[in-house]
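Step one of this worksheet: look at the structure below.
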Amino acid sequence: MKLVTWNVNSIKARLPNVLEYLREANPDVVMLQELKAEEAAFPHLEIGDLGYNAAVLGQKTYNGVAILSKFPIADVRRDLPGDDEDEHARYIEAETNGIRVASIYLPNGNPVGTDKFSYKLAWMKRLVLHARELLESEEPFVLGGDFNVTPTDLDVFNPVGNAMDAVCRPESRAAWRELVYLGLTDAFRAIHPDEARAYSYWDYRAGSFRKGDGMRIDHFLLSPAMADRLVGCDIDKKPRAQEKASDHTPVWIEIGGGPVDTL
DNA sequence: ATGCCCGGAACGTCCGGA
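Counting from 65, one number per residue, gives the positions in the first sequence under the working numbering.
See the structure below:
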């Protein structure tokens, strides 16, 4: 089965691009981020017509995440545990086709040194705690989304120039490693250990996409059972080259097999 | 050293993005 994560930067502005991509790539499960819309404005009809069920957590103007699936969606949770005061629509999780999947829009955190950066780090700590719970449940799971972290300098076009960016800060990368060291697999790096200039985001400004100056901040993290089933992962740059593109492009994984009967 | 480009809300121009 094929799973995709894509920060669409407004589902309303991007609907034609999203529908075209779903038709062409035909993924089974899709994690969307930055809907920038309340659920009432989510295009349930158009996306349903393509054969997808949808679980949505919307918010006016900012954030917003969704899970689309060609399989039934069950057991939806619409918050990351650990802070009852947090109103941002950044986390949705559900079960589909025997897998627990989460669509994650991790806080950007800029500028560094403000409460936005501490919010990011606190959010990452909550994610580590929740991932630990998921691991203890032994249910196979996939965390997909815009993590707003470049795991290493290999994942950013200009590490020196971006050293003060919250997506490159050592504190952000340390929190990312804390997550990975729980026993999760960065799907892209498992398949492409040394590939340079492989990015999922390019700034709209300064001709960044034309120059290939981007960052890899959209990721799939896999539980051990899912990592065993990983057969492919890549970044699909085509949607970023379109008119009226999002500044992010889809990342996909291919998962082989199904639940294995060990008896 | 700063802004470049977008989308949203709104109709000024700012905020957020990364």
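Just so it is clear, CB atoms sit at the ideal spot from N, CA and C, and this is done for glycine as well.
Apart from the five residues on each side of it in sequence, which residues of its chain come closer than 6 Å, Cβ to Cβ, to residue i?
{"i": "F205", "result": "R164, L198, S287"}
{"i": "Q123", "result": "A153"}
{"i": "Y183", "result": "P171"}
{"i": "R141", "result": "E157"}
{"i": "L121", "result": "V129, R142, A153, I156"}
Helix, strand or coil: how does DSSP classify residue i here?
{"i": "I281", "result": "coil"}
{"i": "L327", "result": "Here L327 scores only 49 on pLDDT, less than 50, and its place in the model is too uncertain to base an answer on."}
{"i": "A138", "result": "strand"}
{"i": "E157", "result": "strand"}
{"i": "L294", "result": "strand"}
{"i": "S133", "result": "strand"}
{"i": "D229", "result": "coil"}
{"i": "F252", "result": "helix"}
{"i": "A262", "result": "coil"}
{"i": "L144", "result": "coil"}
{"i": "D311", "result": "coil"}
{"i": "K301", "result": "coil"}
{"i": "L67", "result": "strand"}
Check whether the Cβ atoms of residue i and residue j lie closer than 7 Å to each other.
{"i": "L99", "j": "G128", "result": "yes"}
{"i": "A119", "j": "L96", "result": "no"}
{"i": "A343", "j": "L246", "result": "Residue numbering for the chain in the displayed model covers 65 to 327; residue 343 lies beyond these limits and cannot be assessed."}
{"i": "I299", "j": "S264", "result": "yes"}
{"i": "N222", "j": "N172", "result": "no"}
{"i": "K66", "j": "D92", "result": "yes"}
{"i": "V220", "j": "M279", "result": "yes"}
{"i": "C232", "j": "T249", "result": "no"}
{"i": "P314", "j": "V68", "result": "yes"}
{"i": "V94", "j": "S310", "result": "no"}
{"i": "G209", "j": "Y169", "result": "yes"}
{"i": "F181", "j": "A230", "result": "yes"}
{"i": "A166", "j": "L218", "result": "no"}
Leaving out five residues before and five after residue i in sequence, what residues of the same chain have Cβ atoms less than 7 Å from its Cβ?
{"i": "A251", "result": "F284, L286, L294, C297, I317"}
{"i": "E235", "result": "L185"}
{"i": "I111", "result": "A118, L132"}
{"i": "Q306", "result": "N81"}
{"i": "E159", "result": "A138, D139"}
{"i": "E242", "result": "V192"}
{"i": "G177", "result": "none"}
{"i": "K134", "result": "D92, G115, Y116"}
Between which two residues does the alpha helix (DSSP H) harbouring residue i extend?
{"i": "D179", "result": "179–201"}
{"i": "S272", "result": "272–275"}
{"i": "V244", "result": "234–244"}
Grab the span of the beta strand (DSSP E) containing residue i for me, first residue to last.
{"i": "W316", "result": "315–319"}
{"i": "R164", "result": "163–169"}
{"i": "F205", "result": "205–210"}
Between which residues of its own chain and residue i is the CB-CB distance below 8 Å, once the five residues before and five after are set aside?
{"i": "Y114", "result": "In the sequence on display, residue 114 carries Leu and not Tyr. Cβ within range, chain order: L83, L86, R87."}
{"i": "L327", "result": "Any answer about L327 is weak, because its pLDDT of 49 lies below 50 and its placement is not dependable; what the coordinates show is given next. So the list is empty, once near-sequence residues are dropped."}
{"i": "I255", "result": "L294, G296, C297, D298"}
Query - Runs of beta strand (DSSP E) wholly within the segment 70–119 (minimum 3 residues, chain order) - result: 93–97
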